[in-house]
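Asker: Numbering (my numbering), first residue to last: 29 to 435.
By construction, the Cβ of each residue, glycine as well, lies at the ideal position given by its N, Cα and C atoms.
Note that the structure is predicted; figures quoted are calculated from it, not measured.
My questions all concern the structure below.
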């Protein structure tokens with residue numbers, strides 16, 4: 029069946045499909061304006077299409093030169109496609125190494141053209157170079173850092189494996205059929221080209237689907253997370269709070285809340301600039317997160333305020349957690365600040381009282397405690413409701429700000 033197909037027709041169809049893929053990718057790039065990986069795929073498919081067009085012209089104008097240039101362009105295109113996949117998988121593409129390899133292949137092709145390299149030599153070099161880029165593509169897909177995209181990327185990896193197989197089938201066919209012109213008809217050649225064409229188009233469609241899914245996930249994340257600290261925002265907090273309050277009502281579990289506020293934060297912004305203020309907020313967020321359990325909920329509540337919801341936690345334990353957080357933040361040495369400078373936080377703690385108390389009421393109690401912590405000198409933990417273990421509360425009420433703290 030494949031042997032009767034004209035290779036010019038196959039190359040023409042492949043070139044048209046590659047141009048279509050490039051145009052689709054450029055369109056997707058316009059829609060997803062921040063998608064550098066889509067731009068890489070568009071460039072890659074465009075280069076592959078240009079290389080295929082040169083193959084079609086090789087019977088009319090300087091075959092050796094055009095075929096050499098066509099292989100160069102296709103290898104270059106494969107590099108861009110592989111790098112685009114690396115970007116969407118969450119890996120940093122090896123741009124310098126990949127570019128050096130591509131340049132080396134082009135130099136070898138140029139030397140081969142000048143020394144009269146045969147078609148089989150050009151194909152061997154093409155298969156070796158394309159195998160490296162395809163192998164890198166497969167590696168990036170299998171080792172993707174984003175679990176939510178892993179399923180689609182594994183399909184792309186399978187297509188990459190099939191493409192590798194078709195490359196080596198094509199290489200075998202070159203020697204079996206004694207092929208010296210890519211436009212000569214051969215069951216090995218035509219079969220591998222058709223398989224490659226189908227895989228290339230299917231891979232592009234799959235990558236577009238993955239891009240759409242990634243955009244949807246990013247929009248969902250932007251709706252629920254704070255872009256600076258990467259913590260939950262107030263809207264997402266309300267949703268999780270509703271869930272935990274309902275669970276507490278069913279099971280009778282305790283819930284405590286910490287309201288955390290950066291001390292003298294305006295002074296930090298005014299004295300050292302907003303980038304330093306942003307660094308302080310991120311450092312506070314990271315330190316709080318490091319001291320919490322998986323089931324605890326941390327959100328940026330607004331400005332320099334953070335809120336921690338502690339399920340299954342009473343007031344005494346919540347105060348202990350708050351004190352660890354306060355002490356840890358007070359000892360952070362931030363590179364953006366002058367040596368010896370520190371920043372602190374004040375924390376208000378409250379425990380939910382009964383099934384009739386809403387989350388907003390619980391937060392209001394913690395906010396009242398935070399107000400007292402600020403009023404009584406900052407850099408301290410204050411609990412809204414007293415409990416029996418006064419030995420723990422007293423030191424927290426009498427914490428003094430370090431001399432190096434910002435004022």
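Of the choices 102, 336, 222 and 218, whose alpha-carbon is the least far from that of residue 268?
Answerer: Here residue 268 corresponds to residue number 240 of the chain shown, with the count starting at 1. Among 102, 336, 222 and 218, the Cα nearest to that of residue 268 is on 336.
Asker: Cutting at 6 Å between CB atoms, please list the residues of its own chain near residue 293, excluding the five before and the five after it.
Answerer: Against the chain shown, residue 293 aligns to sequence position 265. Cβ neighbours of residue 293 beyond the five flanking positions: 332.
Asker: Out of 103, 50, 389 and 116, state which residue places its alpha-carbon closest to the alpha-carbon of residue 176.
Answerer: In the chain shown, counting from the first residue as 1, residue 176 sits at position 148. It is 116 whose Cα lies nearest to the Cα of residue 176.
Asker: Identify, in the order they occur along the chain, each residue of the same chain with its Cβ nearer than 6 Å to the Cβ of residue 338, setting aside the five sequence neighbours on each side.
Answerer: Here the question's residue 338 lines up with position 310 in the chain shown. Only 284, 324 and 346 meet the Cβ criterion.
Asker: Which residue from 297, 370, 57 and 42 puts its Cα closest to that of residue 355?
Answerer: Taking the first residue of the chain shown as position 1, residue 355 is located at position 327. Considering only alpha carbons, the answer is 370.
Asker: Please name the residue in 344, 151 and 102 whose C-alpha comes closest to that of residue 130.
Answerer: The sequence position of residue 130 within the chain shown is 102, counting from 1. With distances taken between Cα atoms, residue 130 lies closest to 102.
Asker: Drop a sphere of 10 angstroms on the beta-carbon of residue 42, count the other beta-carbons inside from all chains shown, and report buried for 16 or more, exposed for fewer.
Answerer: Sequence index remark: in the chain shown, residue 42 carries index 14 (1-based). Label assigned to residue 42: buried.
Asker: When the Cα of residue 363 is compared with those of 303, 313 and 389, which residue comes out closest?
Answerer: Indexing the chain shown from 1 puts residue 363 at position 335. Among 303, 313 and 389, the Cα nearest to that of residue 363 is on 303.
Asker: Buried or exposed, going by whether 16 or more other CB atoms sit within 10 Å of the CB of residue 139?
Answerer: Walking along the chain shown from the start, residue 139 turns up at place 111. Residue 139 is exposed by the Cβ-count criterion.
Asker: Work out the CA separation of residue 75 and residue 243 for me, nearest whole Å.
Answerer: Counted from its first residue, the chain shown places residue 243 at position 215. Counted from its first residue, the chain shown places residue 75 at position 47. In a straight line, the C-alpha of residue 243 is about 26 Å away from that of residue 75.
Asker: What are the residues that DSSP puts in a beta bridge with residue 379?
Answerer: Taking the first residue of the chain shown as position 1, residue 379 is located at position 351. Answer is 284.
Asker: If I measure Cβ to Cβ from residue 92 and keep anything under 7 Å in the same chain, skipping five residues before and after, which residues do I get?
Answerer: Locating residue 92 in the chain shown gives position 64, where the first residue counts as 1. Here the set comprises 141.
Asker: Whose CA, out of 149, 172, 245 and 184, lies closest to the CA of residue 202?
Answerer: The count along the chain shown starts at 1 and reaches residue 202 at position 174. With distances taken between Cα atoms, residue 202 lies closest to 149.
Asker: Distance, Cα to Cα, residue 330 vs residue 264?
Answerer: Walking along the chain shown from the start, residue 330 turns up at place 302. Walking along the chain shown from the start, residue 264 turns up at place 236. The straight-line gap from Cα to Cα measures roughly 13 Å.
Asker: For residue 350 versus residue 409, is the C-beta spacing smaller than 8 Å?
Answerer: Taking the chain shown and counting its residues from 1, one reaches residue 350 at position 322. Taking the chain shown and counting its residues from 1, one reaches residue 409 at position 381. Yes; because the gap between Cβ atoms is below 8 Å, this pair is in contact.
Asker: On the DSSP bridge assignment, give the partners of residue 289 in chain order.
Answerer: Along the chain shown, read from residue 1 onward, the residue named residue 289 stands at position 261. BP columns for residue 289 point to 333 and 374.
Asker: Just tell me which of 185, 151, 157 and 179 has its CA closest to the CA of residue 166.
Answerer: Position 138 of the chain shown, counted from the first residue, corresponds to residue 166. That would be 185, whose Cα lies nearest to the Cα of residue 166.
Asker: Can you tell me whether residue 411 is buried or exposed, with buried defined as 16 or more other CB within 10 angstroms of its CB?
Answerer: Numbered from 1 along the chain shown, position 383 holds the residue referred to as residue 411. Flag for residue 411 reads buried.
Asker: Would you mind working out which of 232, 277 and 251 sits nearest residue 71, comparing C-alpha positions?
Answerer: Translated into the one-based positions of the chain shown, residue 71 becomes position 43. Nearest C-alpha to residue 71: 232.
Asker: What residue from 120, 125 and 100 has the CA that sits closest to residue 440's CA?
Answerer: Nothing about residue 440 can be read from this structure; the chain reaches only from 29 to 435.
Asker: For the stretch 393 to 408 against the stretch 374 to 385, are there 3 or more C-beta pairs whose distance is under 8 Å?
Answerer: Yes, the stretch 393 to 408 is in contact with the stretch 374 to 385.
Asker: Grab me the residues of residue 108's own chain with a C-beta within less than 6 Å of its C-beta, minus the 5 sequence neighbours each way, in chain order.
Answerer: For this step, residue 108 is matched to residue 80 along the chain shown. Contacts found: 68, 71 and 72.
Asker: To the nearest angstrom, how far is it from the Cα of residue 326 to the Cα of residue 266?
Answerer: Numbered from its first residue, the chain shown carries residue 326 at position 298. Numbered from its first residue, the chain shown carries residue 266 at position 238. Between residue 326 and residue 266, the C-alpha separation is close to 12 Å.
Asker: Contact check, residue 379 vs residue 342 under 8 Å by CB: the rounded distance?
Answerer: Residue mapping note: residue 379 aligns to position 351 of the chain shown, counting from 1. Residue mapping note: residue 342 aligns to position 314 of the chain shown, counting from 1. Right, their Cβ atoms sit about 6 Å apart.
Asker: Going residue by residue through the stretch 217 to 277, where are the continuous alpha helix (DSSP H) segments of at least 4 residues, counting only ones entirely within it?
Answerer: Entirely contained in the stretch 217 to 277, not one alpha helix (DSSP H) run reaches 4 residues.
Asker: Kindly indicate the opening and closing residues of the beta strand (DSSP E) around residue 411.
Answerer: Here residue 411 refers to the residue found at position 383 of the chain shown. Segment 409 to 411, the beta strand (DSSP E) holding residue 411.
Asker: Taking the alpha helix (DSSP H) that residue 314 falls in, what are its first and last residues?
Answerer: Walking along the chain shown from the start, residue 314 turns up at place 286. That run of the alpha helix (DSSP H) goes 302 to 318.
Asker: Helix, strand or coil, according to DSSP, for residue 91 in the structure here?
Answerer: By one-based count along the chain shown, residue 91 stands at place 63. Residue state, collapsed to three classes: helix.
Asker: DSSP three-state label for residue 327, please.
Answerer: To locate residue 327, count along the chain shown from 1; it is residue 299. If DSSP states are grouped into helix, strand and coil, residue 327 belongs with the strands.
Asker: Ends of the alpha helix (DSSP H) at residue 47?
Answerer: Position 19 of the chain shown, counted from the first residue, corresponds to residue 47. It spans 35 to 59 - the alpha helix (DSSP H) in which residue 47 sits, taken as one unbroken run.
Asker: Flag this pair as yes or no: are the beta carbons of residue 112 and residue 66 separated by less than 8 Å?
Answerer: As a first step, residue 112 must be located in the chain shown, where it is residue number 84. As a first step, residue 66 must be located in the chain shown, where it is residue number 38. Yes. Within cutoff.
Asker: Taking only the alpha-carbon atoms, compute the straight-line gap between residue 56 and residue 235 and give it to the nearest angstrom.
Answerer: Here residue 56 corresponds to residue number 28 of the chain shown, with the count starting at 1. Here residue 235 corresponds to residue number 207 of the chain shown, with the count starting at 1. About 11 Å.
Asker: Mind checking residue 37: buried by the 16 CB within 10 Å criterion, or exposed?
Answerer: Reading the chain shown from its first residue, position 9 is the one you call residue 37. Residue 37 is exposed by the Cβ-count criterion.
Asker: Where does residue 82 fall in DSSP's three states?
Answerer: As a working note, residue 82 is residue 54 in the chain shown. Residue 82 falls in the helix class under three-state DSSP.
Asker: Determine the extent of the alpha helix (DSSP H) in which residue 166 is found, giving its start and end residues.
Answerer: Here residue 166 refers to the residue found at position 138 when the chain shown is read from its first residue. Where residue 166 is concerned, the enclosing alpha helix (DSSP H) stretches over 147 to 170.
Asker: Return the first residue and the last residue of the alpha helix (DSSP H) that residue 127 is part of.
Answerer: Along the chain shown, read from residue 1 onward, the residue named residue 127 stands at position 99. Here the alpha helix (DSSP H) through residue 127 covers 123 to 142.
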